[in-house]
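Below you'll find the structure, written out as structure tokens, and then a few comments.
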Amino acid sequence: MKLIASIEEAGFAAYLVGGCVRDRLLGRALRDIDIATSAFPEQVTAIFGKVVPTGLKHGTVTVLEDGCPFEVTTFRRETAYSDGRHPDEVAFVPDLRTDLSRRDFTFNAMAVGSDGCLVDPFEGEADLRRRVVRCVGDARERFGEDALRMLRAIRFAAELRFELDEELRSGLRAQRERLALVAMERIGAELDKMAGGADPGRAFALLADSGLTRHAKETVAAALPGRAELPPDARWSELDDENARWAVLLLAAGMDAAGAGELARSLRFNGKRAARLAAALRVDGDLREAGFWEATDEAGRRRIWIRTALACGTEAAGLWLQAMRAAPSLAARRAAGGCAYWQPERLAAWLREMPAASVSGLAVRGDELVRLTGRKPGPWVAAALASLLERVALGELPNEAGPLLQAASSFTGEREGEA
Ligand code: ATP
Ligand code: MG
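Residue 142 is where the sequence shown starts when you use the working numbering, and the numbers rise one by one after that.
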């Protein structure tokens, strides 16, 4: 590799380290490539001329080679961790081995030099073959230093389909309360990677077994499904939208809209995601309340479905449906007498075939209603449009100006006396 050769030519040591070494041995696609070096950041800068000072405090600069970014970090060790999450101080060290020893798991603590030889002081390669996640050094101590590592262990176990080493598991039991020291944003990012990863079912089952989330915020602990609640039939790979995966998890946990919104905010998801998840859970609650699962006639189910989709938004209805389709046992749990009437394709078609999904899709506008009736604009306009929309969506009225205006005149006429 050119970049490593350039550093070596300047008289320093440089190695590929961390995730890229692990993923290369596993034959997985490489994501970011990290390089560790004995050169200080200013020396790396002098070698390449132009670098991005990504994390100077931690000894990291980003070097671009043929347009690709590489993070180059000076060999370092970490000193005491008094807050259970961040080292109090980072110290640069001259040797690779010390740098590798600060890393979390044996398979993340390997390096490859320019000669292609693997530097593997903690037997990470053997652990990859045994398919276990094992800490570098004493698990209890390492989790004591940085509690986020407990979530990372579970994430890697699910992602790589590995087991957690026994000593790691007992370290986790001993230190799990320390998760409370980790910033919610970091917990959110890890849980989101688990939800978006190769096997969310396994990740959240391991998480439930670990008892870890009990020590995060109450809103998080309450909203995540227990092991028995996780749908065993979930086809996660059908869901590439992360929010749809979260919807499955929240539906499995029996969350409502308020709980879903609170979870999303606790995990520091952005407002738009929080609103989307809450809306999908609202669809679930509204359908139940309207008797969707008990309705035995198709027309009745269609009416409830369309009204709910209009009330919560068709996007939310679509998200709910996507989640429910990927985990059919969720529907079985909702329909007490079995789910003979659960026909998700039908619901999808009804949603697709709606002639208008919002008032902006109607063939009349509010100002036209005002002009037609000669009444003062007011809240009645929105109510009239909503009523027209529902009738159009249900197929009771064509979405054409003439019939809509006619229907509206009778609607406003009825209300005239109340205004
Ligand atoms: P991926 O990016 O695929 O999730 P990765 O192994 O590259 O996996 P990063 O979070 O990018 O993970 O970290 C890069 C490397 O830094 C890791 O391989 C590991 O050696 C080290 N590392 C990261 N986080 C920690 C931590 N909390 N404690 C100790 N070492 C860590
Ligand atoms: Mg990485």
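Where a beta carbon is used, it is the ideal one built from N, C-alpha and C, also for glycine. Remember, predicted model here, so these are calculated numbers, not experimental data.
Starting from residue i, trace the beta strand (DSSP E) in both directions and tell me its first and last residue.
{"i": "P194", "result": "V193 to G196"}
{"i": "D175", "result": "D175 to T178"}
{"i": "L205", "result": "T201 to E206"}
{"i": "V158", "result": "A155 to V158"}
{"i": "A567", "result": "Residue 567 lies beyond the residue range present for the chain, which begins at 142 and ends at 560; the question has no answer from this structure."}
Output the boundary residues of the alpha helix (DSSP H) element that contains residue i.
{"i": "F189", "result": "P182 to F189"}
{"i": "C209", "result": "Where C209 is concerned, there is no enclosing alpha helix (DSSP H), although the beta strand (DSSP E) it sits in stretches over C209 to T215."}
{"i": "E430", "result": "G412 to E430"}
{"i": "V389", "result": "E383 to A393"}
{"i": "A523", "result": "P520 to A534"}
{"i": "S378", "result": "Here S378 belongs to no alpha helix (DSSP H), and DSSP marks it neither H nor E."}
{"i": "F345", "result": "P341 to S351"}
{"i": "D333", "result": "M325 to G337"}
{"i": "T360", "result": "E359 to A364"}
{"i": "E486", "result": "P485 to E494"}
{"i": "R238", "result": "L237 to S242"}
{"i": "G168", "result": "First-last for G168: undefined, no H or E at that position."}
{"i": "D508", "result": "G507 to T514"}
{"i": "E318", "result": "Premise fails: E318 is in no alpha helix (DSSP H) and is neither H nor E."}
{"i": "K143", "result": "K143 to E150"}
{"i": "G400", "result": "A398 to S407"}
{"i": "L471", "result": "P469 to R475"}
Out of the options, point me to the one whose CA is closest to residue i's CA.
{"i": "E230", "options": "H199, A401, E300 and E486", "result": "H199"}
{"i": "V273", "options": "R423, G208, S223 and E308", "result": "E308"}
{"i": "A393", "options": "Y222, G454 and W461", "result": "W461"}
{"i": "E326", "options": "G352, A548, R409 and L166", "result": "R409"}
{"i": "L144", "options": "E537, V193 and L205", "result": "L205"}
{"i": "G254", "options": "S223, F297, F153 and V323", "result": "F153"}
{"i": "R243", "options": "F211, E282 and R270", "result": "E282"}
{"i": "E383", "options": "A336, G190 and S407", "result": "A336"}
{"i": "A399", "options": "A416, R487 and D245", "result": "A416"}
{"i": "L371", "options": "W387, I188 and G342", "result": "G342"}
{"i": "A187", "options": "D207, S147 and C161", "result": "S147"}
{"i": "R271", "options": "E304, A288, A464 and D279", "result": "E304"}
{"i": "D508", "options": "A280, A549 and A177", "result": "A549"}
{"i": "G160", "options": "R429, P235, R444 and R293", "result": "R293"}
{"i": "A232", "options": "G257, L197 and D381", "result": "L197"}
{"i": "E183", "options": "K358, R169, L545 and A151", "result": "A151"}
{"i": "S551", "options": "R442, L167 and T514", "result": "T514"}
{"i": "L348", "options": "P235, L390 and D175", "result": "L390"}
So, using beta-carbon positions, are residue i and residue j closer together than 8 Å?
{"i": "H356", "j": "L313", "result": "no"}
{"i": "R414", "j": "A421", "result": "no"}
{"i": "D340", "j": "A299", "result": "yes"}
{"i": "D268", "j": "F248", "result": "yes"}
{"i": "M251", "j": "D240", "result": "no"}
{"i": "Y156", "j": "L237", "result": "yes"}
{"i": "T354", "j": "A362", "result": "yes"}
{"i": "A467", "j": "R368", "result": "no"}
{"i": "V193", "j": "V185", "result": "no"}
{"i": "A534", "j": "P485", "result": "no"}
{"i": "A118", "j": "T449", "result": "With the chain running from 142 to 560 in the structure shown, residue 118 is simply not present."}
{"i": "G225", "j": "L365", "result": "no"}
{"i": "S179", "j": "F216", "result": "yes"}
{"i": "F263", "j": "V277", "result": "yes"}
{"i": "R317", "j": "G265", "result": "no"}
{"i": "E541", "j": "A504", "result": "yes"}
{"i": "L530", "j": "L451", "result": "yes"}
{"i": "G338", "j": "A344", "result": "yes"}
{"i": "W446", "j": "A476", "result": "no"}
{"i": "T220", "j": "A177", "result": "no"}
{"i": "A401", "j": "A419", "result": "yes"}
{"i": "L510", "j": "A498", "result": "no"}
{"i": "Y222", "j": "D279", "result": "no"}
Spell out whether any CB of chain D is found under 8 Å from the CB atom of residue i.
{"i": "R165", "result": "In the displayed structure, chain D is absent; only one protein chain is listed."}
With a cut-off of 7 Å, give the chain-ordered residues whose Cβ is closer than this to any heavy atom of the ligand MG. G159, G160, R172, D173 and D175
Segments assigned beta strand (DSSP E), at least 3 residues, entirely inside the region 433-465: none
Return the chain-ordered ranges of every beta strand (DSSP E) run that is complete within the region 258-290 and spans a minimum of 3 residues. none
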